[in-house]
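In the numbering used here, the protein residues as written are -2 to 574.
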């Protein structure tokens, strides 16, 4: 059966199946149906629904809340913490720093000095609260005797070295400031001499990033909310001068991208539609137009590119899909490397006809299913400010919704991707890989050397690695080394998973080239193997499954995961300025 449909102000189309379109005419649809909406001739859209759709396009990210991060400054090692005046002096301590002598006094010289000035109260309080310096522990107390109102100890674990540790220190500092309504804080390390000189810049940058990100609260959708009080952070003993100021500028650029990423993921689906997401991408390109350009493909253009896999997923939604392509080109100099960052962009995922049901399905959180797109666009914003040399970067998102309607993709449908491969859809809730298939083909057609895709793709990866670690899949050892190294520098956790080719047997179809799911066992591996079918063999490719770390259940908010890793990776592929 054929259905005639109008899609915005485009051509009238005939839909033979979820992803098989025939162009009938170029006549404009009735004027009562503006370009934002899809109108099916057999189901009139009520004026009430139209009004709702129009209204939601004017909310949220188009009018973001004001972000006022604290001022970060660096002070020399000889600053006397005892005399420093402000609200909180905090010290990052390892478990080793808290070793005591026979009189239960600290052996560490800095802690010894503070404790002596406080008459032994710091040692006493930390013992009473069983503070041992473990990662995640902190204690902040108000004690007389110092220039500051409060003194705090923040645990760094057994041996602080990773960027994640120092970023967590900055976040803990921001949390302490919120609890105490502090406006000014100072932070130092109990043993800064243990950090090699070449790592002090990275350490200071990680603390600064943590403080800025820890201060940020997404209050756009609250009727009453408190603005953060923290205005200044002094980082003491990790250096001063032009080099550290450059590092601070870099940290600020990356943080702005992470905050954008968090806002995108936090925005509900009635605010962040595919069209609004595309508008945000265009705004980023406009803001940094000296290095970024934007191309947004509509449905008709995607049909011309034969993106049947992507369009099959989008077919049921009243909000039309938007295929986003930003391109970064350096302001000057030769381009030596071309990269693509591809992000899954499902602004809402109902599961389709395989609807998400039952306890643990998390359908109410499916606004986060565009976390990969948020990472890609957040990285674009950061790189637009940093402007690395010698590298061209393509940011690609196939944005759409996975909904249910009479025109929606059904279990058992066969769709055709833009590289000609056919897919039997045995589960409409495995839709992200279908959108990524056409996005990956498109990325390869840009002539890139390397691709990293990011997606909230499988629950199986969350089961395997938990909520804090993303799984990475790639046939390239060199690319794995590059990206995992970038994640370590960026303070994020990745773990390489196997691409077990024998598992592909479960992905074979009797009537098409492949099915889109292979069962529960090894689900994240078979998903990655599916994506691999749409990548040119000449292109180095990595898939990052970030379903776990995209969202914090504890904070009930997005994390901005992936952005710092992507920015670090692009810089590793850039030329020195």
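The beta carbon of each residue, even a glycine, is placed where N, CA and C say it ideally should be.
Helix, strand or coil at residue 392 [DSSP, three-state]
For the purposes of this step, residue 392 is taken as the residue at position 395 of the chain shown. Note: residue 392 maps to strand in three-state DSSP.
Do you know whose CA, among 180, 419 and 326, lies nearest residue 387's CA?
Reading the chain shown from its first residue, position 390 is the one you call residue 387. The residue with the shortest Cα to Cα distance from residue 387 is 326.
6 Å CB neighbourhood of residue 213 in its chain, flanking five on each side removed:
The sequence position of residue 213 within the chain shown is 216, counting from 1. 256.
Nonlocal neighbours in the same chain, by C-beta distance under 6 Å from residue 271, ignoring five residues either side
On the chain shown, position 274 is the one that residue 271 refers to. The beta carbon of residue 271 is closer than 6 Å to those of 316, 318, 319, 344, 396 and 397 in its chain, skipping five residues each way along the sequence.
Mark residue 518 as exposed unless 16 or more other C-beta atoms lie within 10 angstroms of its C-beta, in which case mark it buried.
Working through the chain shown from its first residue, we reach residue 518 at position 521. By the 10 Å Cβ count, residue 518 comes out exposed.
Integer Cβ distance of residue 114 from residue 143, believed to fall under 8 Å:
On the chain shown, position 117 is the one that residue 114 refers to. On the chain shown, position 146 is the one that residue 143 refers to. Contact holds; Cβ gap of about 6 Å.
Assuming the contact rule is C-beta atoms closer than 8 Å, residue 575 and residue 304 should be a hit. Round their C-beta distance to whole Å, please.
Here the chain has residues from -2 to 574 only, and residue 575 is not among them.
In the DSSP assignment, the beta strand (DSSP E) including residue 114 goes from what residue to what residue?
In the chain shown, residue 114 corresponds to position 117, counting from 1. Segment 106 to 114 is the alpha helix (DSSP H) holding residue 114; no beta strand (DSSP E) there.
In chain order, what residues of the same chain have a beta carbon less than 6 Å from the beta carbon of residue 197, not counting five sequence neighbours either side?
Mapped onto the chain shown, residue 197 falls at position 200. The answer, listed in chain order, is 235 and 236.
At what residues does the beta strand (DSSP E) containing residue 566 begin and finish?
Here the question's residue 566 lines up with position 569 in the chain shown. That residue, residue 566, is in no beta strand (DSSP E); its alpha helix (DSSP H) goes 560 to 569.
Would residue 323 pass as a contact of residue 377 if the rule is Cβ separation under 8 Å?
Indexing the chain shown from 1 puts residue 323 at position 326. Indexing the chain shown from 1 puts residue 377 at position 380. Going by C-beta atoms, residue 323 is nearer than 8 Å to residue 377.
Quick one: Cα of residue 651 to Cα of residue 201, how far?
The structure shown does not extend to residue 651, since the chain is modelled only from -2 through 574, so no value can be given for it.
Compare the Cα-Cα distances from residue 401 to each of 352, 448 and 410 and report the closest residue.
Locating residue 401 in the chain shown gives position 404, counting from the first residue. When each option's Cα is compared against that of residue 401, the closest is 352.
To the nearest angstrom, how far is the alpha carbon of residue 570 from that of residue 334?
Taking the chain shown and counting its residues from 1, the one referred to as residue 570 is at position 573. Taking the chain shown and counting its residues from 1, the one referred to as residue 334 is at position 337. Going by the C-alpha atoms only, they are around 7 Å apart.
Quick check on the burial criterion: 16 or more other C-beta atoms within 10 angstroms. Buried or exposed for residue 495?
The residue labelled residue 495 in the question sits at position 498 within the chain shown. The residue is exposed, with fewer than 16 neighbouring Cβ atoms inside 10 Å.
Contact between the segment 465 to 473 and the segment 352 to 366: three or more CB pairs below 8 Å?
Verdict: no, contact absent.
DSSP state of residue 128 mapped onto helix, strand, coil:
Start at 1 with the first residue of the chain shown, and residue 128 comes out as number 131. In the structure shown, residue 128 sits in coil (DSSP, three-state: anything other than H, G, I, E or B).
Within 10 Å of its beta-carbon, does residue 125 have 16 or more other beta-carbons around it, so buried, or fewer, so exposed?
Counted from its first residue, the chain shown places residue 125 at position 128. Per the 10 Å Cβ criterion, exposed.
Where residue 539 and residue 478 are concerned, what is the direct C-alpha to C-alpha distance, given to the nearest angstrom?
In the chain shown, counting from the first residue as 1, residue 539 sits at position 542. In the chain shown, counting from the first residue as 1, residue 478 sits at position 481. One C-alpha to the other measures close to 11 Å.
If you measure from the CB of residue 558, is any heavy atom of the ligand ADP nearer than 7 Å?
This structure lacks the ligand ADP; in fact it carries no ligand of any kind.
Can you tell me which of the three DSSP states residue 17 falls into?
Counting from 1 along the chain shown, the entry for residue 17 is found at position 20. Residue placement at residue 17 cannot be trusted, given a pLDDT of 37 that sits under 50; what the coordinates show is reported in the next sentence. Strand.
Just to confirm, are residue 309 and residue 410 a CB contact at a threshold of 8 Å?
Working through the chain shown from its first residue, we reach residue 309 at position 312. Working through the chain shown from its first residue, we reach residue 410 at position 413. Cβ distance < 8 Å, so residue 309 and residue 410 count as in contact.
Kindly indicate which three-state DSSP category residue 492 falls into: helix, strand or coil?
The sequence position of residue 492 within the chain shown is 495, counting from 1. DSSP places residue 492 in strand when its eight states are reduced to three.
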